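Residue numbers for the sequence shown follow full-length UniProt numbering, so the first one is 1 and each next one is one higher.
To start, the structure under review is shown below, and the notes come after it.
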Amino acid sequence: MRKRAAKKRPLLPDPRFNDQLVTRFVNMMMWDGKKSVAFKVFYDAIDIVEEKKTDEEKTALETWKDALSNVMPHVEVRSRRVGGATFQIPMQIRPDRKVSTAMKWLISYSRKRNEKSMANRLAAEILAAAKEEGAAVKKRVDTHKMAEANKAFSHFRF
């Protein structure tokens, strides 16, 4: 490699929960640099989760973290060319990539839902993911199945 790896910039924790993970999620959700709008959507969604959640001893933030860990993939398939053929090779995922993949899936499947506002969509997807259901969890299960199906090619790891 010619260049050094990029330095990780420290994230400021969010104002309400004082949590860096929340800021990271909001940064991913944000459109057109409108961070305050993204924060409002997230906090509204967390308030909705607080109202609708069934598990009483957990806070809404803990429910969101549970949802995130339920969506997190542990293996993924990567394409690799070996002698003219392209193989899907199952590989372990780095911890930071696990988190960002889970966030991306949670946000993108929230956007595809058909509730009225983004806060409602996000809240519904969080509640579904916390119960091990919903589109984002299905995506994780499919990813794991794909890796399992291609386990025979894992000796091509690079």
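By construction, the Cβ of each residue, glycine as well, lies at the ideal position given by its N, Cα and C atoms.
In this text the structure is predicted, and so the values were computed from the model without any measurement.
Quick one: grab the DSSP three-state call for residue i.
i      : result
Met72  : coil
Phe87  : strand
Arg140 : helix
Arg121 : helix
Glu133 : coil
Arg24  : helix
Phe42  : helix
Leu12  : coil
Asp19  : coil
Asp66  : helix
Asp47  : helix
Met29  : helix
Lys35  : helix
Ala5   : coil
Short check: CB of residue i to CB of residue j, under 8 Å?
i      : j      : result
Leu147 : Glu76  : Sequence check: residue 147 is Ala here, not Leu. A contact, by the Cβ cut-off of 8 Å.
Val49  : Ile126 : yes
Met28  : Met118 : no
Ile89  : Phe153 : yes
Asp14  : Val26  : yes
Pro73  : Thr23  : no
On the DSSP bridge assignment, give the partners of residue i in chain order.
i     : result
Val77 : Pro90
Val82 : Ala85
Over what stretch of residues does the alpha helix (DSSP H) that includes residue i continue unbroken?
i      : result
Thr101 : 95-111
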